[in-house]
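Student: Below: one structure in structure tokens.
2 protein chains.
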Amino acid sequence: MAKLQLEQFLPYRLNRIAAAVSQDFRSVYGPHHDLTIPEWRVLATLGQFEAMSAKAIGRHSAMHKTKVSRAVRALEERRWLRRRPSQEDRREEILTLTTLGQKAYLEIVPKALAFERRLLEQLGPESEPLLETLGRLEIIVKVATRAGDDET
Amino acid sequence: MAKLQLEQFLPYRLNRIAAAVSQDFRSVYGPHHDLTIPEWRVLATLGQFEAMSAKAIGRHSAMHKTKVSRAVRALEERRWLRRRPSQEDRREEILTLTTLGQKAYLEIVPKALAFERRLLEQLGPESEPLLETLGRLEIIVKVATRAGDDET
DNA sequence: CACAGTTGGTCACAAATGTAACTATCCATT
DNA sequence: AATGGATAGTTACATTTGTGACCAACTGTG
Chain H
1 MAKLQLEQFL PYRLNRIAAA VSQDFRSVYG PHHDLTIPEW RVLATLGQFE AMSAKAIGRH
61 SAMHKTKVSR AVRALEERRW LRRRPSQEDR REEILTLTTL GQKAYLEIVP KALAFERRLL
121 EQLGPESEPL LETLGRLEII VKVATRAGDD ET
Chain L
1 MAKLQLEQFL PYRLNRIAAA VSQDFRSVYG PHHDLTIPEW RVLATLGQFE AMSAKAIGRH
61 SAMHKTKVSR AVRALEERRW LRRRPSQEDR REEILTLTTL GQKAYLEIVP KALAFERRLL
121 EQLGPESEPL LETLGRLEII VKVATRAGDD ET
């Protein structure tokens with residue numbers, strides 16, 4: 001038998017690490033707000049850019065349009081975001097956070113950043129080169145140019 | 001507004017990279033054999049250890065028992081693995097690859113290793129420290145001690 | 001300005017995954 | 001050896017996700 005040690009295999013390791021980190025991260029926004037990952041991504045994107053179409057959110061947060069559509073609806077029902085028709089293109093809607101949504105965003109962001117900081121601090125001096133290498137890896141696997149991807 | 005750039009946020013980046021790598025990796029086993037990720041993980045584990053219970057496979061490949069159960073059934077229907085009752089514990093079954101399963105395994109493994117090698121080569125000298133740091137990260141996020149996790 | 005092809009968004013359906021209940025067996029204690 | 005609790009594995013059900021069809025509105029070409 002040729003040998004491949006699954007636990008050493010890079011795609012497997014990356015997936016496990018990403019899943020574990022996301023799982024831990026859930027403790028940041030889960031308990032208080034009970035968001036799903038797609039909802040978190042939409043919130044984060046709108047917090048970052050103020051106003052955006054669903055299409056643009058999907059591009060920026062790497063989610064398929066149906067995922068965005070559902071997350072948007074969920075956030076709308078929660079009264080965290082509002083839609084208004086676009087003037088230039090009446091197919092699309094411009095989405096913005098409501099005051100309530102902004103409040104939640106402002107609550108979560110510092111916790112998210114603290115979570116990330118803590119993680120990087122635990123890595124110590126290795127964190128800097130790690131981030132650089134991840135950047136290169138992103139280019140190699142063409143993370144930038146993918147259509148409907150996945151989770152945080 | 002406080003700011004968090006989603007595209008720079010570590011959990012998000014890890015997820016995207018992992019998803020992209022897995023997606024690319026699919027090209028290794030997908031076209032020829034049309035496996036799912038859970039099936040691939042079971043195959044890889046049995047290829048690595050010859051004979052194993054479903055429970056042990058789940059532990060080693062970080063999958064929930066129902067995922068393992070379904071993947072095992074699929075591989076069994078494909079005639080890639082066989083079950084036999086365990087002597088010591090009649091609740092569990094010992095799973096092994098059939099000749100056909102071994103053949104597929106031996107076909108896929110070199111491609112998988114080549115895929116990984118290619119990825120690491122593209123990273124060049126950064127690949128070595130990356131792997132080390134991933135090891136540390138695995139410990140920090142306690143990848144080792146999780147129950148029913150996820151994908152490669 | 002009419003028509004063909006494209007695009008933003010939603011919905012219905014299918015496939016995949018997680019959760020909980022259940023069966024059979026094991027193990028420990030009495 | 002009988003009972004109570006754990007454990008391996010499967011199944012049924014709920015939830016999430018992906019796929020494709022669809023509608024309305026846009027764009028370009030003639």
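Chains as they are written, first to last, in full-length UniProt numbering: chain H, 1 to 152; chain L, 1 to 152. Positions of the beta carbon are idealized from the N, C-alpha and C atoms, including for glycine.
Measure the Cβ-Cβ separation of L:E128 and H:R13 and say whether it is below 8 Å.
Tutor: No; because the gap between Cβ atoms is not below 8 Å, this pair is not in contact.
Student: I'd like the list of long-range same chain contacts for H:R79, defined as Cβ closer than 8 Å, with 5 residues on each side in sequence excluded.
Tutor: Around H:R79: T98, L100 and G101.
Student: Is the beta carbon of residue 207 of chain L less than 8 Å from the beta carbon of L:R41?
Tutor: The question about residue 207 of chain L has no answer here: the residues shown for chain L are numbered 1 through 152.
Student: When you compare the CB positions of H:L75 and H:L43, do they come within less than 8 Å of one another, or not?
Tutor: Yes. Within cutoff.
Student: Check L:R13 in the structure and name its three-state DSSP category.
Tutor: L:R13 falls in the helix class under three-state DSSP.
Student: Determine whether the beta carbon atoms of H:A54 and H:E7 lie at a separation below 8 Å.
Tutor: Contact flag unset, no.
Student: Which residues of chain H have a Cβ atom closer than 7 Å to the Cβ of L:V72, listed in chain order?
Tutor: Neighbours of L:V72 on chain H: none; closest Cβ ~16 Å, over 7 Å.
Student: Ordered along the chain, which non-local residues of its own chain (more than five positions away) have a Cβ less than 6 Å from that of H:G30?
Tutor: Cβ neighbours of H:G30 beyond the five flanking positions: none.
Student: What does the Cβ neighbour count give for H:K67, buried or exposed, with the cut at 16 atoms within 10 Å?
Tutor: Label assigned to H:K67: buried.
Student: Taking only beta-carbon positions, decide if L:E126 is within less than 8 Å of chain H.
Tutor: Closer than 8 Å: yes.
Student: What are the start and end residues of the alpha helix (DSSP H) that includes L:P129?
Tutor: First-last of the alpha helix (DSSP H) with L:P129: S127 to I140.
Student: Since L:R41 meets chain H, which of its residues come closer than 8 Å, beta carbon to beta carbon?
Tutor: Those are L6 and Y12, listed as they occur along chain H.
Student: Can you tell me which of the three DSSP states L:A62 falls into?
Tutor: Residue state, collapsed to three classes: coil.
Student: Could you pull the start and end residues of the alpha helix (DSSP H) that L:T98 belongs to?
Tutor: That residue, L:T98, is in no alpha helix (DSSP H); it is neither H nor E in DSSP.
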